[in-house]
Amino acid sequence: MEYALEGYGFSVAGLMRAEVKRRVGPDPRIDLHLDPILSMIDREAEFEPNPAALSRRLSLFMRTALRRRELPLELVEMGRFDLAPPPDLLAALDGLWPAGPLGGRALRVATATKAAFDGLREKRLMLHLTNCSIEQDEQAAEHLVLGVYSPSLTETIRVDDTVAAGVMVALHGDPGGAYRLEVLPRIYRKVCQNGMVIYRGKARSHEVEPEVLEDQWAPDRLVAAIKRQITACLDEPAFAVEAASCQRSASEPLDPTGDSFAVLLNDRLQPTLAHAVHQRYLLQADFTRWGLVNAITAEARTLPHAAALHLERLGGRLARTELSVERWSAPGGSELLEHEKPRRE
């Protein structure tokens, strides 16, 4: 598995779709025929995460469709879809070592995470990349974020609405020099690429021991620790339980004008963000608890990691907690941990 260092939400399919649209341009003769091409990209990307291999598959698909006269001849002018992939994360970090991001730890963690991912893939656990970024937040804290989902661990929430088990490896570095490596269980909604972080029991996350993170002379220990935590996150029975919670949330109506809705948003989100979530909820017109979960987590796709993680955690809690439960309607509800509460504007 290669890491392409791109912004939040990078995926091979997303890169390919954007390239197809760029090459087509605003041509109404061709635009009507894009849907089968874009659908093919999404379908093939499930099984082929390599951009070069995926571009070859797309070229073959288009030649076959043109021969069958299923696509207009104008598409011939688009030529092959050879992609120039974004910079490789490990190569970029290696060039910056030892003074790289997060005090050089980003390279160690990225290398160990890649080894863990590749080891799981060798055991026939399919993994696809969803996140690969290095960011700095407003407090000058740095974050390395690596996320995957497994299309082999999926559940259907509703018709044409499928979720997959996922995981996020996140290395955080505070300006003061403290570092923390956590592995977060995550649910990935395939239809719109939303993610939500799931809490199991009282654990915030699976954290790697600080001494393992700091021991640069024993890289195998770090690989083993990350792999162990990832395996725990991708637990099939636990994922089935969380998916069942999502299914229940999809059948629970939620009036966007109701008191519970207003309390939930206004008490937990900054006013501008609460307004954005409310507008998205109205626009997507899925007036259920599941609809609100996805309105919240969809906003996370455009935010820096720290803010996005807050929304994904909130979405994960909302997916598993019925709004009739008293703690959700109580001001500052206890279901949201104190350290997660955002600052008011």
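If you read the sequence shown in the working numbering, its first letter stands for residue -8, the second for the next number, and so on.
We put the beta carbon where it would ideally sit given N, CA and C, even for glycine.
**Asked** On the premise that D246 lies in contact with F337, defined as a C-beta separation below 8 Å, what is that separation, rounded to the nearest angstrom?
**Response** Lying before the first or after the last residue shown, residue 337 is absent from the chain, which here runs from -8 to 336.
**Asked** Do S240 and V284 have their C-beta atoms within less than 9 Å of each other?
**Response** yes
**Request:** Provide the residue(s) that pair with A155 in DSSP beta bridges, ordered along the chain.
**Result:** T145, Y179
**Asked** So what's S236 in DSSP terms, helix, strand or just coil?
**Response** helix
**Asked** If you draw a straight line from the C-alpha of V139 to the C-alpha of G168, how long is it?
**Response** Counting only the Cα atoms, G168 lies some 28 Å from V139.
**C-beta atoms of I217 and L172 nearer than 9 Å** = Yes, the pair counts as a contact, with Cβ atoms nearer than the cut-off.
**Asked** At which residues does the beta strand (DSSP E) containing G110 begin and terminate?
**Response** Segment 96 to 113 is the alpha helix (DSSP H) holding G110; no beta strand (DSSP E) there.
**Asked** Does DSSP classify T343 as helix, strand or coil?
**Response** Limits of the chain in this structure are -8 at one end and 336 at the other, which puts residue 343 out of reach.
**Rounded C-alpha distance that separates R115 from S141** = 11 Å
**Request:** Within the same chain, show all residues whose beta-carbon is closer than 7 Å to that of E233, passing over the 5 residues directly before and after it, in chain order.
**Result:** I178, I189, R311
**Message:** Excluding the 5 residues flanking G186 on each side, which residues of the same chain have their C-beta closer than 6 Å to its C-beta?
**Reply:** R177, Y179, E303
**Close beta carbons around E273, own chain, < 7 Å, minus the five adjacent residues each side** = The identity of residue 273 in the sequence shown is Leu, whereas the question assumes Glu. Answer for L273: P247, listed in chain order.
**Request:** Give a yes or no on whether the C-beta atoms belonging to E35 and L57 are separated by under 9 Å.
**Result:** Contact: no.
**Asked** Under a Cβ-count criterion, where at least 16 other Cβ atoms within 10 Å of its own Cβ denotes burial, should R335 be classed as buried or exposed?
**Response** Interpretation of R335 is limited by its pLDDT of 35, a score under 50 that renders its predicted location unreliable; the figure taken from the coordinates is listed afterwards. R335 comes out exposed.
**Item:** Exposure of R13, with buried meaning 16 or more beta-carbon neighbours within 10 Å
**Value:** exposed
**Message:** Is it the case that the region 222 to 233 contacts the region 283 to 301, given that we only count it when at least three CB pairs across the two stretches are under 8 Å?
**Reply:** The region 283 to 301 is not in contact with the region 222 to 233.
**Prompt:** Between R280 and D109, what straight-line distance do the alpha-carbon atoms span, to the nearest angstrom?
**Reply:** 36 Å
**Asked** By Cβ distance, which residues of its chain are closer than 6 Å to G306, with the 5 residues on each side in sequence left out?
**Response** M187, V284, I287, T288
**Message:** Can you tell me whether A161 is helix, strand or coil according to DSSP?
**Reply:** strand
**Asked** From which residue to which residue does the beta strand (DSSP E) around Q127 run?
**Response** 119 to 127
**Request:** Could you pull out every residue in the same chain whose Cβ sits closer than 6 Å to the Cβ of L204, ignoring the five residues on either side in sequence?
**Result:** L172
**G337 classed as buried or exposed, judged by whether at least 16 other C-beta atoms fall within 10 angstroms** = Not covered by the structure: residue 337. The range shown for the chain is -8 to 336.
**Request:** Would you kindly work out how many angstroms separate the C-alpha atoms of T104 and R47, rounded to a whole number?
**Result:** 28 Å
**Whole-angstrom distance between G95 and A132, CA atom to CA atom** = 14 Å
**Item:** V214 - containing alpha helix (DSSP H), residue span
**Value:** 210 to 224
**Message:** I'd like to check one pair, L81 with P92: are the Cβ atoms closer than 9 Å?
**Reply:** no
**Item:** C-beta atoms of L175 and A155 nearer than 9 Å
**Value:** Contact flag unset, no.
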